[in-house]
Ligand code: DC
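In my numbering, the protein residues as written are 5 to 244.
Quick look at the structure:
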């Protein structure tokens, strides 16, 4: 590989984005959240009213649009769809839902291989997703796999929902917790067992437990491991 690539994989809700963003910032590398590219496909399919399982219509739709990546002031990638920054629209719940379906289509995964591999060519990269170390960057210099026990994910999600004003009584909280348990478990099983590009933890990946220490400490451990392998912070970071 003609540049340094660090991959960060893991299931949903493990904190991959916060960790990889902060790791990239400390190293002065570009941070690429590849979920953005998949989300753009879900977004386009929804806005074009294409059935989410219609693989050939979605492939056709993709061939009519341009996805390009630019780096923002913080060193993170932002996505332009036909030249327009649409990142904020990509995180709406209905786009997340649509994306979980369109991301499973072979034509979509195939169409996104090159854009991911060629993103910010020549620049050191922290690439985050579900199949970075296993499929997209098999020769990456360091491969991390972020892990959080399901029970902790349930607690965190519940806390977020309560904070947002959901489930005010004890009874409502208990029933929301049971619902979250099932939803999170089913989503993780789906992600880990799907036929195409399942979220895989391979032997060469460094497993990072993100359930018990503060973000700063977890990132520091990741940073120490990267630098111990002789990878040094970039002298000319993307945001400078
Ligand atoms: O990481 P995220 O929540 O932004 O990902 C959005 C969706 O895209 C989610 O359904 C998982 C999927 N995805 C994927 O299948 N492969 C990737 N490399 C990144 C994301």
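A virtual CB, placed ideally from N, CA and C, is assigned to each residue, including glycine.
DSSP bridge partner residues for residue i (one or two, in chain order)
| i | result |
| --- | --- |
| residue 10 | 130 and 146 |
| residue 82 | 74 |
| residue 35 | 80 and 130 |
| residue 213 | 151 |
| residue 89 | 84 |
Nearest to residue i (by Cα), restricted to the options the options
| i | options | result |
| --- | --- | --- |
| residue 188 | 211, 159 and 169 | 159 |
| residue 129 | 225, 37 and 232 | 37 |
| residue 9 | 123, 180 and 73 | 123 |
| residue 28 | 84, 62 and 78 | 78 |
| residue 220 | 19, 117, 87 and 197 | 19 |
| residue 97 | 68, 59 and 50 | 50 |
| residue 259 | 108, 137 and 107 | With the chain running from 5 to 244 in the structure shown, residue 259 is simply not present. |
| residue 107 | 198, 225, 224 and 226 | 198 |
Alpha-carbon spacing of residue i relative to residue j, whole angstroms
| i | j | result |
| --- | --- | --- |
| residue 239 | residue 33 | 10 Å |
| residue 43 | residue 110 | 15 Å |
| residue 125 | residue 216 | 35 Å |
| residue 91 | residue 119 | 17 Å |
| residue 80 | residue 89 | 13 Å |
| residue 35 | residue 157 | 24 Å |
| residue 74 | residue 140 | 19 Å |
| residue 40 | residue 17 | 15 Å |
| residue 54 | residue 112 | 14 Å |
| residue 214 | residue 155 | 13 Å |
| residue 95 | residue 144 | 28 Å |
| residue 179 | residue 166 | 13 Å |
| residue 6 | residue 234 | 16 Å |
| residue 76 | residue 82 | 6 Å |
| residue 191 | residue 183 | 12 Å |
| residue 181 | residue 153 | 15 Å |
| residue 59 | residue 68 | 15 Å |
| residue 115 | residue 175 | 46 Å |
| residue 223 | residue 195 | 25 Å |
| residue 72 | residue 177 | 42 Å |
Buried or exposed by the 16-neighbour rule on C-beta atoms within 10 Å, applied to residue i
| i | result |
| --- | --- |
| residue 242 | buried |
| residue 70 | exposed |
| residue 236 | exposed |
| residue 135 | buried |
| residue 62 | buried |
| residue 132 | buried |
Min CB distance residue i to chain D below 8 Å
| i | result |
| --- | --- |
| residue 116 | The structure shown contains no chain D, having only a single protein chain. |
Checklist entry - Pairing CB atoms from the stretch 21-29 with CB atoms from the stretch 158-175, are three or more of them under 8 Å? => result In short, these stretches do not touch, since the Cβ pair count stays below three.
Checklist entry - For the 8 Å Cβ check, are there 3 or more pairs between the stretch 145-153 and the stretch 203-212? => result The stretch 145-153 is in contact with the stretch 203-212.
Next on the checklist: When you compare the stretch 223-234 with the stretch 170-189, are there three or more beta-carbon pairs, one atom per stretch, that lie closer than 8 Å?
Outcome noted: Result no; under three Cβ-Cβ pairs closer than 8 Å.
Checklist entry - Hey, is the stretch 96-109 in contact with the stretch 44-53, meaning 3+ C-beta pairs nearer than 8 Å? => result Under the three-pair Cβ rule at 8 Å, the stretch 96-109 counts as touching the stretch 44-53.
Checklist entry - Is there contact here, the stretch 188-206 with the stretch 12-21, by at least three beta-carbon pairs under 8 Å? => result Yes, they touch.
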